[in-house]
Structures are given as structure tokens and as C-alpha cells.
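Visitor:
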Ligand code: BYC
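Numbering (the numbering used here), first residue to last: 88 to 556.
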């Protein structure tokens, strides 16, 4: 069904024919806008931003581009098209027709997962609230705002499911999604990473590389769900999500590129010398990477999880790209797991979080390889690397086990003392913050980051992607 933009809430779910649902969502809409005004991007309401807006749900030609004031963005409800005769692709209900309604016995599990997914979306907007004030260019400012409005839309996507399928409980949860806040001492966001401040652009690029990539994997696994409206919602969210990871990968790549340029100019790779010339030294980039990667690893949950086993068994959440596997039931299969107590075998269903985490790590490695290629081509021996899956974990078997970034166990005292070598120290953060000066002249770029290879939607680099007014 095509997207109907003539209604107050754009949608392709025939909202006009479900007055109760329409009223519930129209009641939530002003609260969302109030939240956006208060917690969304600072000092941005008057800006005309060159944004893409979904106009269809096909892979081809699904978006249109144009200048929009963010509070006027048409946040709406877009589900990918229904796949005729779709059947459940994993677990105990393998091969049965998918559900158009939530099965009663799975209601609370589905609600928990949808709420957790939904909670991350406004959380990230809150985390990024002040970044616009220190953007390195109008190109980057526009990308930040694009990511922000789409996270806002992803919140709409989950709120639609809550309102449409969970009655009063769902409406209450939708309110709660706007009342928890990132980093709030009393009402924090649900998952750890979404309470970490993102107060500089290097963190933003690491977050969009590592944390949005968790989003990709979680959405892919929910796109397999036996609950068809959830699967279709997530399938379309994935279309939008690709750009967020592009922002992360190209952003980190441009910071690396600029560092290499400065290293060449000054004929030195001494970190302090690189800093003195206004770029971020490679060891600092590595420390930022260590921080965001390890935090994002926790987002997959415990290595051994009865929640994960039951979500898989009951058809709630499959594995990303489930079709790549031979066995979709996994009732007898086992998985070899390394824990601080040694190697052991667990039921594969219980290890689904770890299966996902390992696919995620492989995907993370691709960008690292590309960044290292730049470093290698420039003739330096330094290499960026993902730290061990055992390092700095707060969730699961390795939580609070002190190891170094290579995963070698170390004493607690050494762990705490050396942490400043492994993740950004106060001094690193203060230095990176000192670079964060706002550049808003069309075509100009801050000195700590290289320009991108090309502009947005084939426009030139000096296009005024944001008119600040
Ligand atoms: N922090 O059995 P366990 C995105 C909790 S990102 C705090 O180990 P389970 C995006 C867990 O909730 C994708 N708590 O794990 C990116 C549970 O609590 P309850 C977001 C944590 O349940 C960038 C308890 O520990 N989507 O979209 O198998 C920008 C034991 O749980 C953490 C999803 O996550 C943590 N890191 O799996 C914008 C998908 N980890 O319930 C957006 C939906 C675990 O006992 N969520 N806990 O109180 C899920 O599928 C699962 O909830 C999890 C956890 C994968 C997160």
C-alpha cells in the first residue's frame, strides 16, 4: 500500500479506517513533538535542512529530498510490503503461517522486546542533542539531523506496534518511552550504551559505526519475527538504518584520513605533535573505538540467556539472515562457549545472543580493515584493532572480569590503573572537545576531519545543506 501523506500522520497502514487507533496515535503525536522540542537537536527549529523523507517502501526510489524544518518533518508509520503466504522461519513454529496478531501467551515477551527496541531510538536523539552546536561542517550537520529525524521515526514505528497491538498497556508504554531520558539518574534509558553521553563528534561517529550496527543486527533478527507487523516494520527500518552506519564508517575514515595528512605534513606520527597540529592522533582514535565497541557488545545480552532461547523457540526473534543457516529449529544443536571458567558446551538456543554478537563482530571488522588500508597506504605501521570480546564487559559471563584489550587477564589494580591507556582519559576527551568548533560556512570543513568524497544526493560539497536562518 502506498504512503498516504494527506493525513495528519503519514502512513501505509490504512490508519483512516481504524479510528480508535488513529485517535490514540493523534493523542500521542503532540507529546512526541513536545519531547522533540525539549530533547531533540538544540537550536535547530528554524533551520531548513536538506532531508530525505520516505515516500514509498520499495528498495528503489523510496525517498525524496528537500529542505524541511525539522519540527515539520512528516514522521509516520511505514511497513514494508507484506510477503504473501509468509511462514515462520525458525523455532518451534517453523513452517507455520506468520501471525498478524500477537499470540496471547507471547504478549509480555513481545511487549518487552518492542519497548526495548523503541527505547533506544529517542535515547540516541537525546544523546546527540547538543552535537549540532559543534558541527565540523554543514554536510555533517545535515547528516546528524537526518539520523535524528529517522531515529524519531523509528520511535514512531515501535509506538505504532504498541498502540495497534497492546491496548492500554501499549499506550502506557508509549508514554513511558518519552518519559525515560538518556543518562537520567531516576529514569534512565533501558540499555547501558544509551545512557552514555555523546558530547563530541568522534564519539558520534563511533556510536553510528558500532551502536547503530547493533541496531542493524537486532532489526534483522526482528525482521525474521513470526509476528508479521513487527517483521515488516523492521524491514523498512533497515532501509533507513544503512545511512546511519555510512555516517559512522565514513566519519571515522575521514578523521583517520585527516590525521594521516597531518602526520605527513609534519613528518611525524608522535601523538602530541599530531595534536599540536589540530588533528586526532591514531592512538586516541583507538581508545574511542575501544570504548564504543565494548559498550555495544553488551547490547547483545548474556552469552547464555534463557530469554534468548525462549524468544527463538517461540518465534519472536530469529537470527539475522536466518536463511543463511541449515538448521532453523536448533532443538538439539549445541554451541561451544568460552567463559572465565573455561570452555563449555551449551544448547544453541541458549547461545543465540552470542551467535548474533559474533556475526556483529565480523561485520565491525570490515570497516576496521578499510581504515587500516588507508593507514597502510600512507606508509605507517600503526593498525586499529577491535579489542577482545572479554575486555571491559558489563553484561554476561565476562562482566567485571579484568582483562587488557587483548583479553589477557590482569589484576584489578592494574586494570583500573591502565584503563586510561585503553579508553579515552579525561585528557583525551578534553583534547577532542577542544577541537569541536562549529563550522557552518558552506563548503568549509573543520581542521580535524577530511572532507567526504562526495556530497549528498549528488549535490556539490559547497551546497548549503542546512540553512540556519
Ligand atoms: N544494558 O538474558 P539477557 C538500535 C538486560 S540498537 C542494560 O542477558 P536478553 C539503535 C536485559 O534487558 C538495538 N541491560 O539478555 C542504535 C534483561 O533485563 P530484564 C536495540 C541489559 O534479554 C543506535 C537482563 O539484562 N534493539 O536500534 O536475551 C541508535 C538479562 O538479559 C543489557 C534491541 O536491543 C545492556 N546492554 O537480550 C538508535 C532489540 N543487555 O528483561 C537505535 C530488543 C541485557 O530481565 N531487545 N540487559 O529486565 C532485545 O532483544 C533484548 O532485550 C536484548 C537483551 C538483546 C537487549
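Every residue gets a Cβ at the ideal spot worked out from N, C-alpha and C, and that includes glycine.
(1) Just to confirm the assignment: which complete alpha helix (DSSP H) runs, minimum length 4, are found wholly within the region 341 to 424?
(2) CB residue 136 to CB residue 155, shorter than 8 Å?
(3) In whole angstroms, what separates the C-alpha of residue 116 from that of residue 374?
(4) With which residues is residue 339 paired in a DSSP beta bridge?
(5) In terms of residue numbering, what span does the beta strand (DSSP E) encompassing residue 141 cover?
(6) For residue 43, count neighbouring C-beta atoms within 10 Å of its own C-beta (all shown protein chains included) and say buried if the count is 16 or more, exposed if not.
(7) Spatial neighbours of residue 181 within its chain, please: C-beta separation below 7 Å, excluding the five flanking residues on both sides.
(8) Let's see if you can read the secondary structure: which residues bound the alpha helix (DSSP H) around residue 210?
(9) Secondary structure at residue 156, three-state DSSP: helix, strand or coil?
(10) Does ligand 1 have a heavy atom nearer than 7 Å to the CB of residue 298?
(11) Three-state secondary structure (DSSP) at residue 235?
(12) Could you pull out every unbroken alpha helix (DSSP H) segment of at least 4 residues lying fully inside the region 224 to 296, listed in chain order?
(13) So, helix, strand or coil for residue 67, using DSSP?
(14) Between 504, 99, 551 and 113, which has its C-alpha nearest residue 320's C-alpha?
(15) Can residue 285 be considered in contact with ligand 1, in the sense that its beta carbon sits closer than 7 Å to one or more heavy atoms?
(16) Could you tell me the alpha carbon to alpha carbon distance between residue 124 and residue 132, rounded to whole angstroms?
(17) Counting only runs of 4+ residues fully inside the region 478 to 535, write out the alpha helix (DSSP H) ranges in chain order.
(18) Go ahead and pull the three-state DSSP assignment for residue 131.
(19) Locate the alpha helix (DSSP H) running through residue 109, then write down its first and last residues.
(20) Below 6 Å CB to CB, which residues in the same chain sit around residue 306 once its five sequence neighbours on both sides are set aside?
(21) Is DSSP giving residue 589 helix, strand or coil here?
(22) At a cut-off of 7 Å, would you count residue 278 as near ligand 1, judging by its Cβ distance to the nearest heavy atom?
(23) Going by Cα to Cα distance, which pick from 177, 107 and 150 is closest to residue 409?
(24) Can the beta-carbon of residue 361 be found less than 8 Å from the beta-carbon of residue 346?
(25) Note the first and the last residue of the continuous beta strand (DSSP E) segment covering residue 432.
(26) Would you kindly work out how many angstroms separate the C-alpha atoms of residue 274 and residue 266, rounded to a whole number?
(27) Distance, Cα to Cα, residue 473 vs residue 526?
(28) Using 7 Å as the cut-off, classify the Cβ of residue 504 as near or not near the heavy atoms of ligand 1, replying yes or no.
(29) Just curious, the alpha helix (DSSP H) that residue 312 is in, first and last residue?
(30) CB of residue 266 to nearest heavy atom of ligand 1: below 7 Å?
(31) Quick one: what's residue 164 bridged to in DSSP?
(32) For residue 151, name the three-state secondary structure that DSSP assigns.
(33) Using the rule of at least 16 other Cβ atoms within 10 Å of the residue's Cβ for burial, across every protein chain shown, is residue 489 buried or exposed?
Guide: Walking through what the data contain:
(1) 358 to 363, 369 to 384 and 393 to 400
(2) yes
(3) 40 Å
(4) In the DSSP output, where bridge partners are listed per residue, residue 339 has none listed.
(5) 135 to 141
(6) Since the displayed the chain opens at 88 and closes at 556, residue 43 lies outside it and no answer follows.
(7) 175, 415 and 416
(8) 194 to 214
(9) strand
(10) yes
(11) helix
(12) 225 to 252, 254 to 266 and 288 to 293
(13) The first residue shown for the chain is 88 and the last is 556, placing residue 67 beyond what the model contains.
(14) 99
(15) no
(16) 8 Å
(17) 499 to 509 and 513 to 522
(18) coil
(19) 106 to 126
(20) 321, 324 and 325
(21) In this structure the chain extends from 88 to 556, so residue 589 is not present and cannot be described.
(22) yes
(23) 177
(24) yes
(25) 429 to 434
(26) 8 Å
(27) 31 Å
(28) no
(29) Element bounds for residue 312: n/a, residue is neither H nor E.
(30) no
(31) 98
(32) strand
(33) buried
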